[in-house]
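The sequence shown: position 54 = 769 (my numbering), numbered continuously.
Some notes on the structure that comes next.
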Amino acid sequence: MWTTITEFVDRYHQLLLDGIRDTLVMTITSFFFAYVLGLFLGVLLVISKPHGIRPNRACNVIVGWIVNIGRAIPFIILMISIMPLTKAIMGTKLGVKGAIFPLIVSAAPFVARMVETSLSEIDAGVIEASQAMGATTWQIIRKVYLPESLPSLILGGSVSFVTIFAYTTMAGAVGAGGLGDIAIRYGYNRYEADVLWVTVVLLILLVEIAQAIFNWLSRKTDRRIRR
């Protein structure tokens with residue numbers, strides 16, 4: 716058995732290491748930009764509501780439609796349908812680089828709704844008190860909305876991170892690289908079950924590590940937890 720494991724490691728260790736690297740590059744890069752974009756859209760949704768700090772029905776409806784449409788399109792269909800746009804922006808529609816743009820476009824709407832939910836949980840009295848003291852819209856966003864909802868935003872970020880992580884495996888079906896590509900090319904197309912199951916285990920481990928990091932960050936930023 717040990718000989719079999721040794722042979723497996725000798726044959727596939729570099730391939731799997733490259734797959735982990737590519738998956739993490741796609742996930743982390745896409746998560747960063749998707750979260751920034753989703754945070755912006757989520758804040759717009761909250762402040763432009765009828766009872767928000769800057770009510771604007773047109774803005775709220777337009778942004779809401781954009782977010783809903785983005786959430787309604789399955790990732791694999793979105794990725795294929797915007798390939799020409801991806802190539803125009805990223806210079807390629809294949810590989811790790813070609814997967815990042817569709818990952819951002821697909822994940823940002825989900826982030827926006829999570830941000831909206833987190834910000835909406837803040838006590839309205841705190842917002843009203845800030846307005847009464849003459850705080851500007853930007854000051855309320857920066858000093859009230861974001862700090863008060865930070866633990867929830869981080870936990871929402873963990874869901875978004877894992878979702879993007881799962882999307883990278885689907886992106887492997889169209890040549891994006893990463894662990895998903897390895898699972899399909901070797902585990903499925905070549906019927907190498909050992910590669911498939913090792914890839915699955917690696918994906919599970921990476922998700923567990925990411926979730927643990929986000930949980931730790933959430934606890935550290937939660938002012939309700941006594942230290």
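Every residue, glycine too, gets a C-beta built ideally from N, C-alpha and C.
Does DSSP put ARG857 in a helix, in a strand, or in coil? helix
On the CB-based measure, 16 or more other CB atoms within 10 Å of its CB, does TYR882 come out buried or exposed? Around the beta carbon of TYR882, a 10 Å sphere encloses 16 or more other beta carbons of the protein chains shown; the residue is thus reported as buried.
C-beta contact flag for VAL889 and VAL811 at 8 Å: No, the pair does not count as a contact, with Cβ atoms beyond the cut-off.
Residue interval of the alpha helix (DSSP H) (run including TYR901): Premise fails: TYR901 is in no alpha helix (DSSP H) and is neither H nor E.
What number of angstroms, rounded off, separates the C-alpha of THR738 from the C-alpha of GLY892? 8 Å
Answer with buried or exposed for VAL916, where buried requires no fewer than 16 other C-beta atoms within 10 angstroms of its C-beta. Residue environment: VAL916 is assigned as exposed (fewer than 16 neighbouring CB atoms within 10 Å of its CB, all protein chains considered).
ILE928: first and last residue of the uninterrupted alpha helix (DSSP H) it sits in: 908-936
Report the residue from VAL910, GLN926, LEU800 whose alpha carbon sits nearest the alpha carbon of LEU732. VAL910
Report the option in ILE924, ALA898, THR832 whose CA atom is closest to the CA atom of TRP912. ALA898
Per DSSP, what kind of secondary structure is ILE797 in: helix, strand or coil? coil
Assuming LEU834 contacts SER875 (C-beta within less than 8 Å), just tell me the rounded distance between them. About 15 Å separates the two Cβ atoms, so there is no contact after all.
Who are the Cβ neighbours of THR852 in its own chain at under 8 Å, not counting the five residues just before and after it? Excluding the 5 residues flanking it on each side, THR852 has same chain C-beta neighbours closer than 8 Å at ILE762, ILE768, ARG769, in chain order.
Of the residues LEU894, TRP931, ALA927, which one's Cα is nearest the Cα of ILE735? LEU894
Length of the line joining the Cα atoms of SER796 and VAL841: 44 Å
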